[in-house]
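Working notes, structure below.
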């Protein structure tokens, strides 16, 4: 136990700090500030926050069609009649969907892979929702798939794999324009650059 831990004089406070510090990017000092802040709030507010996190963990679903987070079995994007069902944007994570939606430049639908192929991390095609994507293509009605994956080596490998699998169907395969630099993570790209990359998408050339 460090001097920082031993200075709490409260096991309950220590446990709260330990819990907060497990969050990404939260150190022990930031965790302590959060815990002390909660102690100053009305009990009903803290209980409401706690219930919100519990409900999030227990009740949130993954859309049966696109694998996006949803409160229902099929997400609002997949059920929106104003969205173009002939255009599917393939992304790595739900955060990428959120990033693209913020641009306001895309009116198609999505498919969330849940990761990218990365042999060094033990992630292969069978660990992703690739089979579900191929099943969607097999049902017909899809004219274009937009590969909007991070321009890292793993992202490029995944795009190449998907293009080979999708080539068995009569669909156009495009990728985001290279306003997104090679090696960039999609979620860290600013909205204007990402929006232009979506608008200026180009044929995917493996």
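In my numbering, the protein residues as written are -10 to 195.
Virtual Cβ for every residue (Gly too), placed ideally from N, Cα, C.
Proximity below 7 Å, CB of residue i to CB of residue j
i, j, result
"residue 72", "residue 96", "yes"
"residue 123", "residue 98", "no"
"residue 162", "residue 134", "yes"
"residue 140", "residue 56", "no"
"residue 136", "residue 79", "yes"
"residue 131", "residue 160", "yes"
Unbroken alpha helix (DSSP H) run spanning residue i, endpoints
i, result
"residue 97", "Note, residue 97: premise wrong, no alpha helix (DSSP H); beta strand (DSSP E) at 97 to 101."
"residue 85", "83 to 92"
"residue 141", "Unbroken run through residue 141: none, as it is neither H nor E."
"residue 6", "0 to 10"
"residue 124", "119 to 127"
"residue 198", "Since the first and last residues shown for the chain are -10 and 195, residue 198 lies out of range."
Status (buried if at least 16 other CB within 10 Å, exposed otherwise) for residue i
i, result
"residue -1", "exposed"
"residue 81", "buried"
"residue 151", "buried"
"residue 169", "In this prediction, residue 169 has a pLDDT of 49, which is less than 50 and means its spatial position is unreliable; what the coordinates show is noted afterwards. Result: buried."
"residue 192", "exposed"
"residue 142", "exposed"
"residue 206", "The chain is shown from -10 up to 195; residue 206 falls before or after that span and cannot be answered."
"residue 24", "buried"
Limits of the beta strand (DSSP E) - the one that residue i falls within
i, result
"residue 134", "133 to 136"
Do the region 141 to 157 and the region 106 to 125 make contact, defined as three or more Cβ pairs closer than 8 Å? yes
Which ranges would you report for the beta strand (DSSP E) in the region 29 to 60 if only whole runs of at least 3 residues count? none
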